[in-house]
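Numbering (this note's numbering), first residue to last: -17 to 446. All C-beta atoms in this analysis are idealised placements derived from N, C-alpha and C, irrespective of residue type, glycine included. Below: the structure, in structure tokens.
See the structure below:
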């Protein structure tokens, strides 16, 4: 019995990891093709979550978040203060906190005790207000503002770096792009959150007021309650989708971002509801124990929230690039010879497109043309650019970068591309010490390279 169950479990695991890649989706009925497509996305997301060390990266982001929570609040309050909404934002944050009441100690003043989350949050507010006051006026205040801005930028930069790892983007935004993009996020983000919270509260208040005069609305109370709850989900879906589009330094399709945003936003809302209920239940059973558990539960909530964000990023990547992983069941690392051949093919494709006066291909187009995964494509293209065989070129503000030959097409010979690709790396690296014993090897390799250079098969890539 147990052996049979184990055999079935192994068979199911083998199918989910290998079998889903052994068929072409266009040859299946629509319903079955959708099932295989979903299994492939789940497979890629789970593998990427492990390979990209998302557990470790979520812990690092949690650490950076806790270090920067006061500077972020100070920056947010400074922005909304210009709209006279600082106190309104504080009220919205406090209203969203769970209820974890602490009983007053013996001999304490009347009114002592209260919601532990509210007390902790108010301490954060006080620290943020003090930091904001210290950065208003004077040279020292200007330096303080720069430090405050750097702290917020540092958090966003770490988030972008993690997303770029998931998307196999080795080069992030330059400082000019970081300044403009991050400033837009810092300015617009708090305003959108405030508008969304105020809009929900406004609609709720107006509906409650209208129900007193219009009896027909009372019958629709369950429908309106469902609509208000759905609005919260829709806002989270939109927020997560925007994050998955803006943060990575690459082009992300709206469909993929929306797909991941719906799943991650729903999971986050469920986590938040469960976290509030858990904290309320613990505090209700034992007030003192619940007070001590407030901080560990908060840390666990932040950690799991980052895990949801990163898994959503993996889902977004898998949704956009699942087609590039077909016929890759075991996903073994390519050999040196395979990588060399793929590098030559990628360079040849770029040369031919350039010679034909066609737009330079991007990584996704090269991946589809060569039939290799997008991650491997990014690695090979990065090495070719670093070696000086290819050059990146901008194709538009919202378009991914394209790739052009870095030299004349006649000079892009087979041997030159292979030599550049294989010699790519830091100069003076771990090349071994030169000695009389290694001199014959070095001489033989130079002669071998010279012989290949004169070989009749060493022709320009455009002529292959």
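Suppose the cutoff is 7 Å on Cβ atoms and the five residues either side in sequence are ignored; what does the same chain contact list for residue 362 look like?
For residue 362, where only same-chain residues beyond five positions count, the Cβ hits under 7 Å are 321, 324, 325 and 328.
Cβ neighbours of residue 235 in the same chain (closer than 6 Å, five flanking residues each side left out):
Answer for residue 235: 302, listed in chain order.
Taking the alpha-carbon of residue 333 as reference, which of 287, 359 and 386 has the nearest alpha-carbon?
The residue with the shortest Cα to Cα distance from residue 333 is 386.
Of all the options 317, 277 and 246, which has the alpha carbon lying nearest to the alpha carbon of residue 258?
Per the Cα distances, 277.
Contact check, residue 251 vs residue 218, beta carbons under 8 Å
Yes. Within cutoff.
Could you check the C-alpha separation between residue 14 and residue 20 for me, to the nearest Å?
Between residue 14 and residue 20, the C-alpha separation is close to 10 Å.
Could you check what DSSP says for residue 384 in three-state terms: helix, strand or coil?
Residue 384 sits in a strand when the DSSP states are folded into three classes.
So for residue 442, helix, strand or coil by DSSP?
DSSP places residue 442 in strand when its eight states are reduced to three.
For the segment 338 to 349 against the segment 422 to 435, do three or more pairs of beta-carbon atoms, one drawn from each stretch, fall closer than 8 Å, so that the two count as touching?
When Cβ pairs closer than 8 Å are counted between the two stretches, the segment 338 to 349 is seen not to touch the segment 422 to 435, the count staying below three.
Put residue 375 into one of helix, strand or coil per three-state DSSP.
Per DSSP, reduced to three states, the secondary structure at residue 375 is strand.
Three-way DSSP call (helix, strand, coil) for residue 395 in this model:
Of the three classes helix, strand and coil, the one that applies to residue 395 here is strand, per DSSP.
Which of the three DSSP states, helix, strand or coil, is assigned to residue 139?
In the three-state DSSP reduction, residue 139 falls in the helix class (H, G or I).
Close-in-space but distant-in-sequence residues of the same chain around residue 249 (CB under 6 Å, 5 per side omitted):
The beta carbon of residue 249 sits closer than 6 Å to those of 290, all from its chain and outside the five residues before and after it, given in chain order.
Can you tell me whether DSSP reads residue 231 as helix, strand or coil?
Here residue 231 sits in coil by DSSP.
Which of the three DSSP states is assigned to residue 84 in this structure?
With a pLDDT of 49 at residue 84, under the threshold of 50, the predicted position of this residue should be treated as unreliable, though the coordinate-derived value follows. In this structure, residue 84 counts as strand in the three-state DSSP scheme.
Tell me the rounded alpha-carbon separation between residue -10 and residue 398.
Taking the straight line joining both Cα atoms gives about 52 Å.
Taking all protein chains shown into account, decide if residue 300 is buried (16 or more other Cβ within 10 angstroms of its Cβ) or exposed.
In the assembly as shown, residue 300 is a buried residue. Its beta-carbon has 16 or more other beta-carbons within 10 Å.
Reduced DSSP category for residue 344 - H, G, I as helix; E, B as strand; rest coil
Coil, per DSSP.
How big is the Cα-Cα spacing for residue 292 and residue 435?
The straight-line gap separating the alpha-carbon atoms of residue 292 and residue 435 is approximately 47 Å.
Three CB pairs or more closer than 8 Å across the segment 154 to 170 and the segment 236 to 248:
Taking 8 Å as the limit for Cβ pairs, the verdict is that the segment 236 to 248 does not touch the segment 154 to 170.
Look up residue 324 in the DSSP assignment and say whether it is helix, strand or coil.
In the displayed model, residue 324 falls within a helix according to three-state DSSP.
Between the C-alpha atoms of residue 359 and residue 41, what's the straight-line distance to the nearest angstrom?
Going by the C-alpha atoms only, they are around 29 Å apart.
Is the CB-CB distance between residue 53 and residue 133 below 8 Å?
Contact: yes.
Using beta-carbon positions only, say whether residue 345 and residue 371 come within less than 8 Å of one another.
Taking 8 Å as the Cβ cut-off, residue 345 and residue 371 do not qualify as a contacting pair.
Give every residue of the same chain whose Cβ lies closer than 7 Å to the Cβ of residue 215, excluding the five residues on either side of it in the sequence, and list them in chain order.
Once the five neighbours on either side are set aside, the close Cβ partners of residue 215 are 247, 248 and 251.
Smallest Cα separation from residue 394: which of -14, 375, 381 and 366?
Out of -14, 375, 381 and 366, 366 has the C-alpha closest to the C-alpha of residue 394.
Less than 6 Å between C-beta atoms, sequence neighbours within five positions excluded: which residues of the same chain meet that for residue 408?
At residue 408 the pLDDT is 49, less than 50, meaning the model places this residue with poor confidence; the figure from the coordinates comes in the next sentence. So no residue of the chain qualifies.
Whole-angstrom distance between residue 433 and residue 340, CA atom to CA atom:
Taking the straight line from one Cα to the other gives about 35 Å.
Let me know the secondary structure DSSP gives residue 436 once reduced to three states.
Residue state for residue 436 is assigned as coil, using DSSP reduced to three classes.
Boundaries (first-last residue) of the alpha helix (DSSP H) holding residue 32
Unbroken alpha helix (DSSP H) run through residue 32: 12 to 33.
Residue 304: which of -13, 12 and 18 sits nearest, CA to CA?
Measuring from the Cα of residue 304, the nearest candidate turns out to be 18.
Can you tell me the Cα-Cα spacing of residue 281 and residue 45, whole angstroms?
The straight-line gap from Cα to Cα measures roughly 10 Å.
Once DSSP output is grouped into helix, strand and coil, what is the label at residue 423?
In the three-state reduction of the DSSP assignment, residue 423 falls in the helix class.
Should residue 375 be labelled buried (16 or more other beta-carbon atoms within 10 Å of its own) or exposed?
So residue 375 counts as exposed.
Secondary structure of residue 53, DSSP reduced to three states
Helix at residue 53.
Once DSSP output is grouped into helix, strand and coil, what is the label at residue 238?
Note: residue 238 maps to helix in three-state DSSP.
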